[in-house]
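Q: Residue numbers (the numbering used here), protein chains in the order written: chain A, 1 to 328; chain B, 1001 to 1268.
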């Protein structure tokens, strides 16, 4: 299944690359070049550039403080890029410097924090929000019914916000962002702090939206999330892009296929040979190799429970690239 | 590369007009406020009652005529505008600060097609609207006691409206500096409360030494009180245009400074 997915992604990329230059431009949802952002002495985003084709799900991955949220905010004018250092941002042809209002009109934004009106019910929250887009009440009622049904919140429509669980609030924030039928959906850590059921529901909804042609941008530190729903992603660290590509490609290209985690090793030497790359983290030892047999043989020396033998994943790439130390 | 992709298939991107945006913000506040109409609507009717009874009747019996009026008439006309001042000030200090820092309401709003400017102009207008109704409530109470002598008094809620705008602008300007909600105490104790006592509401300013009268004239509430008294007593003089101009200029100056500072705080 994984292979099939990789294949599909690579096919899609090839098809995109085959079209002429002009065609590619027309298909872009977002284009950013040489974007800089500093807060005093702190460089939040440093010379970042990327392109997002329309209709895909694009992810920003990175540890806290990597500049993901800042980059997102610069797309719709919640943060201003450093204009003095050149750089360009275009969102469906609009520059957020002059046209943030236009961009926000066709973009749904879901922030990290819950910023619903606590005083009001679900439906009142949405009715008021629809006024911010000047939707006529009659049309708004239909749209609201649709987005509530889509996010599976129809039976909560009269509930006060404080009665909603964290998962319901997050779904409501997404529903609210969908009111004006956006072409672009920006989500900042959409599933942080949610239980696995809600997380899967949200992933399914995002896949549905993508099928409907909505371009999706999200930040996350969940590798699983990035792997599951992102067609393309960039890994950021300290304000810079470290690498970019479809998740499966990144794993293929940047990390060995298999990992053996030895859980209780001290300093004892373990001669694993040249085919194995070793890393240490606290008192764990990680051995990476492309050849399953080699790594299996090493694991035979240990008793069950003292090791984990598994396929490598995006998290391994991420930790390899951004380092294993705490960033805070 | 500069001239990026086309926007043909995006359809018409027509964000709401300035008026629609301001109105939507105003409507948001009205909806949230009227959600608790009974508890929110109670104070403007009861506070003037206590004031008239406690100070007007109690203290009034020791005070002679002021400007040819009984003390209770003088006081009743004075307490129409401070209600607008207090409600607008609370709304745009504690209220705005909570929306800004705790509930993050503004972050939610500017994620829709609104600008920071829209949000605060809408908010100032809402505070003005509250000023209108709070002044109106006081007017109803004093009329109930037979303390309104002329029909011209029906225009005083409009002065309440402008008073609300003016103090909302000032309060937002203060809020733009505040990092800790307790710091509003300095503003209330240091400025708003003294303004209430030294703007010719409970006693006429004519009795004060000249320098004190000049100080009172610098602060905004006195100008609102003069306008309201003119309508209550149906006695107008050209100086009132100066009072009105002061209120409008004050609102525009502090309002635009507040919006500029709050924009820098929200868009970073």
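Just so you know, even glycine gets a beta-carbon here, dropped at the ideal spot from N, CA and C.
In or out: residue 1131 of chain B buried (at least 16 other Cβ within 10 Å) or exposed?
A: With 16 or more Cβ atoms within 10 Å of its Cβ, residue 1131 of chain B is classed as buried.
Q: How far does the alpha helix (DSSP H) with residue 1138 of chain B in it reach, from first residue to last?
A: Residues 1116–1144.
Q: For residue 21 of chain A, which residues from the same chain have a beta carbon less than 8 Å from its beta carbon, with the 5 sequence-adjacent residues on both sides left out?
A: Bear in mind that the predicted position of residue 21 of chain A carries a pLDDT of just 39, short of 50, making it unreliable; the figure below should be weighed with that in mind. Taken in chain order, the list of residues that qualify is empty.
Q: Which one of B/1258, B/1202 and B/1251 has the shortest CA to CA distance from residue 1063 of chain B?
A: It is B/1202 whose Cα lies nearest to the Cα of residue 1063 of chain B.
Q: How far does the beta strand (DSSP E) with residue 242 of chain A in it reach, from first residue to last?
A: Element bounds for residue 242 of chain A: 240–245.
Q: What are the residues in the region 1089–1106 of chain B lying within 7 Å of chain A by C-beta distance?
A: Listed by position, the residues of the region 1089–1106 of chain B near chain A (Cβ gap below 7 Å) are 1103, 1104 and 1105.
Q: Within the continuous beta strand (DSSP E) that includes residue 90 of chain A, where are the two ends?
A: Its beta strand (DSSP E) spans residues 88–91.
Q: Please say whether residue 48 of chain A and residue 66 of chain A have beta carbons closer to each other than 8 Å?
A: Their beta carbons are not under 8 Å apart, which means residue 66 of chain A does not touch residue 48 of chain A by this criterion.
Q: Taking just the CA atoms, how far does residue 100 of chain A sit from residue 1069 of chain B?
A: Using only the alpha carbons, I get a separation of about 58 Å.
Q: Out of A/108, A/53, A/61 and A/79, which has the shortest C-alpha to C-alpha gap to residue 93 of chain A?
A: Ranking A/108, A/53, A/61 and A/79 by Cα distance to residue 93 of chain A puts A/53 first.
Q: Using Cβ-Cβ distances below 9 Å, what residues of the region 103–115 of chain A are close to chain B?
A: The residues in question are 103, 104, 105, 106, 107, 108, 109, 110, 111, 113, 114 and 115.
Q: May I ask you to list, following chain order, the residues of the region 66–100 of chain A that have a beta carbon less than 7 Å from some beta carbon of chain B?
A: For the region 66–100 of chain A, which is checked against every Cβ of chain B, the residues closer than 7 Å are 77, 78, 79, 80, 90, 92 and 93.
Q: Which parts of the region 173–232 of chain A are runs of the beta strand (DSSP E), unbroken and 3 residues or longer, counting only runs that do not cross its ends?
A: The region 173–232 of chain A contains these whole beta strand (DSSP E) runs: 184–188 and 215–220.
Q: Rounding to the nearest angstrom, what Cα-Cα distance links residue 1106 of chain B and residue 284 of chain A in this structure?
A: For residue 1106 of chain B and residue 284 of chain A, the distance between alpha carbons rounds to 46 Å.
Q: Take the Cβ of residue 23 of chain A as the centre, count every other Cβ of all protein chains shown within 10 Å, and call the residue buried at 16 or more, exposed below.
A: Here the model assigns residue 23 of chain A a pLDDT of 45, short of 50, so the residue's position is not dependable and the matter cannot be decided.
Q: Kindly indicate if chain A contains any beta-carbon less than 8 Å away from that of residue 1006 of chain B.
A: Here the model assigns residue 1006 of chain B a pLDDT of 41, short of 50, so the residue's position is not dependable and the matter cannot be decided.
Q: Judging by CA-CA distance, which residue of A/262, A/136 and A/184 is the nearest neighbour of residue 308 of chain A?
A: That would be A/262, whose Cα lies nearest to the Cα of residue 308 of chain A.
Q: Excluding the 5 residues preceding and the 5 following residue 1093 of chain B in the sequence, name in chain order all residues of the same chain whose CB lies nearer than 6 Å to its CB.
A: 1171, 1175 and 1184, listed in sequence order.
Q: Does the region 1072–1089 of chain B come within contact of the region 1235–1249 of chain B, defined as at least 3 CB pairs closer than 8 Å?
A: Cβ pair count under 8 Å is below three, so no.
Q: Taking the C-alpha atoms as reference points, what is the distance between residue 218 of chain A and residue 1222 of chain B?
A: Whole-angstrom Cα-Cα distance: 54 Å.
Q: Residues of chain A with a CB under 9 Å from the CB of residue 1027 of chain B: which are they?
A: Result: 128 and 131.
Q: Using 10 angstroms around the beta-carbon of residue 1150 of chain B, count the other beta-carbons present and answer buried if the total reaches 16, otherwise exposed.
A: It is exposed - the Cβ of residue 1150 of chain B has fewer than 16 other Cβ atoms within 10 Å.
Q: Assuming residue 1142 of chain B and residue 78 of chain A form a contact by the criterion Cβ under 8 Å, report the distance between their Cβ atoms to the nearest whole angstrom.
A: No, residue 1142 of chain B and residue 78 of chain A are not in contact; Cβ-Cβ is about 47 Å, not under 8 Å.
Q: According to DSSP, is residue 94 of chain A helix, strand or coil?
A: Three-state result, residue 94 of chain A: strand.
Q: With a Cβ-Cβ cutoff of 8 Å, do residue 341 of chain A and residue 60 of chain A count as a contact?
A: Summary: the structure shown does not reach residue 341 of chain A, with chain A confined to residues 1 through 328, and so no result is reported for it.
Q: Please name the residue, chosen from B/1055, B/1090 and B/1165, that lies closest to residue 1252 of chain B on a Cα-to-Cα basis.
A: The residue with the shortest Cα to Cα distance from residue 1252 of chain B is B/1165.
Q: Quick test of your reading: residue 1139 of chain B and residue 1163 of chain B, contact by CB under 8 Å. State the CB separation rounded to the nearest angstrom.
A: About 13 Å; that fails the 8 Å criterion.
Q: I'd like the list of long-range same chain contacts for residue 154 of chain A, defined as Cβ closer than 8 Å, with 5 residues on each side in sequence excluded.
A: Within the same chain, residue 154 of chain A has close Cβ partners 145 and 148.
Q: At what residues does the beta strand (DSSP E) containing residue 139 of chain A begin and finish?
A: Where residue 139 of chain A is concerned, there is no enclosing beta strand (DSSP E), although the alpha helix (DSSP H) it sits in stretches over 137–150.
Q: Does DSSP classify residue 1253 of chain B as helix, strand or coil?
A: Residue 1253 of chain B: helix per DSSP, three-state reduction.
Q: By the DSSP assignment, the alpha helix (DSSP H) with residue 1033 of chain B in it spans what residues?
A: Run containing residue 1033 of chain B: 1018–1034, per the alpha helix (DSSP H) assignment.
Q: Grouping DSSP H, G and I as helix and E and B as strand, with all else coil, what is residue 160 of chain A?
A: Three-state result, residue 160 of chain A: strand.
Q: Roughly how many whole angstroms lie between the Cα atoms of residue 1089 of chain B and residue 1097 of chain B?
A: Spanning the two alpha carbons is a distance of roughly 12 Å.
Q: Can you name, in chain order, every residue of its own chain whose Cβ lies under 7 Å from the Cβ of residue 316 of chain A, other than the five neighbours on each side?
A: For residue 316 of chain A, where only same-chain residues beyond five positions count, the Cβ hits under 7 Å are 255 and 259.
Q: Could you please tell me which residues of the region 156–182 of chain A, in chain order, have their CB closer than 7 Å to any CB of chain B?
A: Going along the region 156–182 of chain A in chain order, one finds no residue with a Cβ nearer than 7 Å to chain B.
Q: Look up residue 133 of chain A in the DSSP assignment and say whether it is helix, strand or coil.
A: Residue 133 of chain A falls in the coil class under three-state DSSP.
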